[in-house]
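Colleague:
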Amino acid sequence: MRTPFIAGNWKMNMLSGEAEDFFKEFLPAVKDVQSVKIAVCPVYTLLHQVSELVRDSNVKLGAQNVFWEEKGAYTGEISPPMLKDVGCEYVIIGHSERRQHFGETNETVNKRVKAALAHGLTPIMCCGETLEDRENGKTFDVVKSHILEGLQGVYESGKEEVVLAYEPVWAIGTGKTASPDQAQEVHAFIRNLLQENFGEDIAQRTIIQYGGSVKPKNIAELMSQPDIDGGLVGGASLKADSFTALVKY
Ligand code: PEP
Numbered sequence: 060m061r062t063p064f065i066a067g068n069w070k071m072n073m074l075s076g077e078a079e080d081f082f083k084e085f086l087p088a089v090k091d092v093q094s095v096k097i098a099v100c101p102v103y104t105l106l107h108q109v110s111e112l113v114r115d116s117n118v119k120l121g122a123q124n125v126f127w128e129e130k131g132a133y134t135g136e137i138s139p140p141m142l143k144d145v146g147c148e149y150v151i152i153g154h155s156e157r158r159q160h161f162g163e164t165n166e167t168v169n170k171r172v173k174a175a176l177a178h179g180l181t182p183i184m185c186c187g188e189t190l191e192d193r194e195n196g197k198t199f200d201v202v203k204s205h206i207l208e209g210l211q212g213v214y215e216s217g218k219e220e221v222v223l224a225y226e227p228v229w230a231i232g233t234g235k236t237a238s239p240d241q242a243q244e245v246h247a248f249i250r251n252l253l254q255e256n257f258g259e260d261i262a263q264r265t266i267i268q269y270g271g272s273v274k275p276k277n278i279a280e281l282m283s284q285p286d287i288d289g290g291l292v293g294g295a296s297l298k299a300d301s302f303t304a305l306v307k308y
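Here's what the structure looks like:
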């Protein structure tokens, strides 16, 4: 069965002292958690420090983006081997903030996913509709294109592991969570897409996280849905006490 997986997306937050304080409180509080996989995805500048802090703990390290080339004249970019070198196991790809503000497309998401997998990183590939899409009845079309174009040619050996995160854009950072039924409906749609396009094994083993104002007060009900396997958490992952409450839901 799928082990629940909760990842914190710190976005562009936290300085080194704050990260140190966070882990001083968080690591002892969650050290006995075995039934949930945990990851934290800080900004690039904190990866080395956080890698040292979480070493030998049950908390894994992830980054918030990655470029697809290995090295070269790409000023400002970070490659998959660089993330591996600093101790990352996961990398968020195609977050809606990158699609909205930095020109990310399904095509570039697909390149990043393939490059991450080729270097032994597990992508957390995001999908999700805007409020306008939802109001125009386009939720399923948008999610379908994010999933199928993002995953095009990805399952070559059938062994590849990609974590998916369904994040309705209207629920990110707004305090408006999708209701458990609304989220489940899209998660079931995604699992069905996986089954139709990549087979039953991939559909059944793929972790599909929900993201969008996940808080300690709503996580248990979301996690009780059959196709919600975890959470990608922004705001509530920035404080050790609320992130602890989330992973101990
Ligand atoms: C996110 O950053 O992916 C996110 C879901 O943010 P928040 O939990 O703050 O809505």
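In this note's numbering, the protein residues as written are 60 to 308. For glycine and all other residues, C-beta sits at the position ideal for the given N, C-alpha and C. Predicted model, so just to flag it, every value in this text is computed and none were measured.
1. Quick check on F64: buried or exposed, where buried means 16 or more other Cβ atoms within 10 Å of its Cβ?
2. Just tell me which of V95, G258, L297, D200 has its CA closest to the CA of S216.
3. Out of L106, A237, S238, which one is the CA nearest neighbour of K143?
4. For M282, collect the residues of the same chain with a Cβ closer than 7 Å to its Cβ; drop the 5 residues on either side in sequence, then sort them by chain order.
5. Under a Cβ-count criterion, where at least 16 other Cβ atoms within 10 Å of its own Cβ denotes burial, should H160 be classed as buried or exposed?
6. For E226, verify whether its CB is less than 8 Å away from any heavy atom of the ligand PEP.
7. Mark E77 as exposed unless 16 or more other C-beta atoms lie within 10 angstroms of its C-beta, in which case mark it buried.
8. Figure out for me which residue from T104, K170, V228, C185 has the closest Cα to the Cα of M71.
9. Let me check you understand the geometry: is the CB of G121 closer than 8 Å to at least one non-hydrogen atom of the ligand PEP?
10. When DSSP builds the beta bridges, which residues end up paired with K119?
11. Over what stretch of residues does the alpha helix (DSSP H) that includes A237 continue unbroken?
12. Look at R114 and G146 and say whether their C-beta atoms are less than 9 Å apart.
13. The ligand PEP and K298: does the residue's C-beta get closer than 8 Å to at least one heavy atom of that ligand?
14. Look at L190 and V245 and say whether their C-beta atoms are less than 9 Å apart.
15. How many Å lie between S238 and L305 at the Cα?
16. Taking the straight line between their C-alpha atoms, what separation do you get for G290 and V222?
17. Quick check: the segment 130–137 against the segment 81–99, are at least 3 beta-carbon pairs closer than 8 Å?
18. With 16 other CB atoms within 10 Å as the buried threshold, where does K130 fall?
19. Find the nearest neighbour of R61 within the set G294, A295, P285, S301, judged by alpha-carbon distance.
Modeller: Let me lay it out:
1. Looking up residue 64 in the sequence shown gives position 5. It counts as buried.
2. Within the sequence shown, numbered from 1, the residue matching residue 216 stands at position 157. The shortest Cα separation from S216 among V95, G258, L297, D200 belongs to G258.
3. Here residue 143 is taken as the residue at index 84 of the sequence shown, counted from 1. Nearest C-alpha to K143: L106.
4. By one-based count along the sequence shown, residue 282 stands at place 223. So the qualifying residues of the chain are P63, Y308.
5. Counting from 1 along the sequence shown, the entry for residue 160 is found at position 101. Burial call: exposed.
6. Within the sequence shown, the letter at position 167 stands for residue 226. Yes, Cβ of E226 sits closer than 8 Å to a heavy atom of the ligand PEP.
7. Counted from its first residue, the sequence shown places residue 77 at position 18. Classification of E77: exposed, given that the 10 Å Cβ count is below 16.
8. As a first step, residue 71 is located in the sequence shown; it is residue number 12 there, counting from the start. It is T104.
9. Against the sequence shown, residue 121 aligns to sequence position 62. Not so, every heavy atom of the ligand PEP lies at least 8 Å from the Cβ.
10. In the sequence shown, the residue the question calls residue 119 occupies position 60. The partner list for K119 (beta bridge, DSSP) reads A98.
11. Locating residue 237 in the sequence shown gives position 178, counting from the first residue. Neither: A237 is in no alpha helix (DSSP H) and is coded neither H nor E.
12. Translated into positions along the sequence shown, residue 114 becomes position 55. Translated into positions along the sequence shown, residue 146 becomes position 87. In this structure, G146 lies closer than 9 Å to R114 by Cβ.
13. Numbered from 1 along the sequence shown, position 239 holds the residue referred to as residue 298. Not so, every heavy atom of the ligand PEP lies at least 8 Å from the Cβ.
14. By 1-based counting over the sequence shown, the position of residue 190 is 131. By 1-based counting over the sequence shown, the position of residue 245 is 186. It is not a contact, given that the beta carbons lie outside the stated cut-off.
15. As a position in the sequence shown, residue 238 is number 179, starting the count at 1. As a position in the sequence shown, residue 305 is number 246, starting the count at 1. Going by the C-alpha atoms only, they are around 17 Å apart.
16. Your numbering for residue 290 matches position 231 in the sequence shown. Your numbering for residue 222 matches position 163 in the sequence shown. Cα-Cα distance, rounded: 11 Å.
17. no
18. For the purposes of this step, residue 130 is taken as residue 71 along the sequence shown, with counting starting at 1. Counting Cβ neighbours within 10 Å, K130 comes out exposed, since fewer than 16 surround it.
19. Walking along the sequence shown from the start, residue 61 turns up at place 2. When each option's Cα is compared against that of R61, the closest is P285.
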